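Participant: The numbering of the sequence shown is our numbering, which starts it at 1 and goes up by one. Pasting in a structure now, in structure tokens, and then I'll have a few things to ask.
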Amino acid sequence: MTKAQRHKAIIRRRIFLSVCAVILAAVILLIVFAVKAVMSGGEKDNASSDVSSIQSDNMSDVSSEQTSTPSYPATGPNGLDANYTKLLLVNGENPLPEDYDYEGNLTTIPDKYINGSLKQIDKDVWPYMQAMIEAAWADGVKLYVWSPYRSYSTQNMLFKKQVDCQIAKGVPADKAEDEAATVVARPGTSEHHTGLAADFNMADDKFETTEMYRWMQEHAADYGFIMRYSGEKQEITGVIHESWHYRFVGINAAKEMNRLNMCLEEYLEYLNKQ
Ligand SMILES: [Zn+2]
């Protein structure tokens, strides 16, 4: 090898070594960037999963607030079973059969609790109603049962009377029955057939101005009763605002329905989804 050849070989080796060094540096740089990118990506993922877990925590808080039932005591006033329920649905779409016989389950309300002519009520509901009336009396509030159980024929008579009343008001004859049905349930579709509901003191809007109404707003649920027809829910129940009509559903069920601001139709749908 000549001197010139040796010199060329040294230069080639230097070039080769510096190319290797550049490639190595580039590879190291790439690795550093790649590691950084992976790490920052991971952080982002963590951050977003934190956010979503916070969101899902919030969502589960909200839904559990709506769905989970608070724990209510199992015993109501006078040792009444607070978990006992009567959720039978009777309305325009869910009539009782014409030959529905409820008589076997009825009891007669003692006269001292009544200010009307009808006297029968579901025998299992009466202890709750009696306890409620006596509690009202103890508070100096003169609560009386006006209209409890009605037979099909009683309801038929009341409905026909209401149709005549609508016609007298000038409602066309072909619309009078529909109009009457928002005030008095068609025979077979009244809750009064079940023995689970009663009107108190008077079937009149004036009831809402009385101390009896104010007392019921505060205490009816403690005895298992709900104001069944609120004007706010008329589209669902199909019945006008009736401040005087109370329906037994059960103490804890009544408290739940009030807490959720649900009428019976809504509450049954809600229970079905549970
Ligand atoms: Zn009623």
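C-beta: ideal position from N, C-alpha, C; glycine also. Remember, predicted model here, so these are calculated numbers, not experimental data.
So, with DSSP's three-state summary, where would you put E134?
Facilitator: Position 134 of the sequence shown holds residue 134. Of the three classes helix, strand and coil, the one that applies to E134 here is helix, per DSSP.
Participant: Taking Cβ to Cβ, would you say W244 is nearer than 7 Å to A185?
Facilitator: For this step, residue 244 is matched to residue 244 along the sequence shown. For this step, residue 185 is matched to residue 185 along the sequence shown. Not closer than 7 Å, so no.
Participant: How should N252 be labelled, buried or exposed, when 16 other C-beta atoms within 10 angstroms of its C-beta is the threshold for buried?
Facilitator: Translated into positions along the sequence shown, residue 252 becomes position 252. With 16 or more other Cβ atoms within 10 Å, it is buried.
Participant: Just to confirm my understanding: we take E177, look at its own chain, exclude 5 residues before and 5 after, and list those with CB closer than 6 Å. What are they?
Facilitator: As a first step, residue 177 is located in the sequence shown; it is residue number 177 there, counting from the start. V163, listed in sequence order.
Participant: Please list, in chain order, all residues of the same chain as Y84 whose beta carbon is under 7 Å from its beta carbon, the five residues on each side excluded.
Facilitator: On the sequence shown, residue 84 is found 84 positions in, with the first residue counted as 1. Answer for Y84: G250, listed in chain order.
Participant: Specify whether the stretch 101 to 113 and the stretch 152 to 172 touch according to this definition: at least 3 beta carbon pairs, one from each stretch, less than 8 Å apart.
Facilitator: Cβ pair count under 8 Å is below three, so no.
Participant: So, for E208: in the same chain, excluding its five sequence neighbours on each side, which residues have a beta-carbon less than 6 Å away from its beta-carbon?
Facilitator: The count along the sequence shown starts at 1 and reaches residue 208 at position 208. Cβ within range, chain order: S243.
Participant: Just how far apart, CA to CA, sit N261 and N272?
Facilitator: Within the sequence shown, the letter at position 261 stands for residue 261. Within the sequence shown, the letter at position 272 stands for residue 272. Roughly 17 Å between the two C-alpha positions.
Participant: Quick one, are the C-beta atoms of A221 and K169 less than 7 Å apart?
Facilitator: For the purposes of this step, residue 221 is identified with residue 221 of the sequence shown, where counting begins at 1. For the purposes of this step, residue 169 is identified with residue 169 of the sequence shown, where counting begins at 1. No, Cβ-Cβ distance for A221 and K169 is not below 7 Å.
Participant: In chain order, what residues place their C-beta within less than 5 Å of a heavy atom belonging to ligand 1?
Facilitator: Result: D199, H245.
Participant: Just to confirm the assignment, what range does the alpha helix (DSSP H) spanning S153 have?
Facilitator: For this step, residue 153 is matched to residue 153 along the sequence shown. Where S153 is concerned, the enclosing alpha helix (DSSP H) stretches over 152 to 168.
Participant: Check the C-beta distance from I114 over to V145 and give it rounded, since I have them as a contact under 8 Å.
Facilitator: Residue mapping note: residue 114 aligns to position 114 of the sequence shown, counting from 1. Residue mapping note: residue 145 aligns to position 145 of the sequence shown, counting from 1. About 5 Å separates the two Cβ atoms, so the contact holds.
Participant: The beta strand (DSSP E) that contains E242, what's its start and end?
Facilitator: Stepping through the sequence shown from its first residue, residue 242 is reached at position 242. Taken as a continuous stretch (DSSP letters only), the beta strand (DSSP E) holding E242 covers 242 to 248.
Participant: How many Å lie between G42 and E235 at the Cα?
Facilitator: As a first step, residue 42 must be located in the sequence shown, where it is residue number 42. As a first step, residue 235 must be located in the sequence shown, where it is residue number 235. Bear in mind that a pLDDT of 39 at G42, under 50, signals an unreliable position, so the model cannot answer this.
Participant: Where Q120 and K86 are concerned, what is the direct C-alpha to C-alpha distance, given to the nearest angstrom?
Facilitator: In the sequence shown, the residue the question calls residue 120 occupies position 120. In the sequence shown, the residue the question calls residue 86 occupies position 86. One C-alpha to the other measures close to 17 Å.
Participant: Indicate whether M212 and V141 have their beta-carbon atoms separated by less than 7 Å.
Facilitator: Within the sequence shown, the letter at position 212 stands for residue 212. Within the sequence shown, the letter at position 141 stands for residue 141. Yes, the Cβ-Cβ distance between M212 and V141 is below 7 Å.
Participant: By Cβ distance below 7 Å, which residues in the same chain neighbour D57 in space, the five residues on each side in sequence not counted?
Facilitator: As a first step, residue 57 must be located in the sequence shown, where it is residue number 57. Low confidence applies here, because D57 scores a pLDDT of 44, under 50, leaving its location unreliable and the question unanswered by this model.
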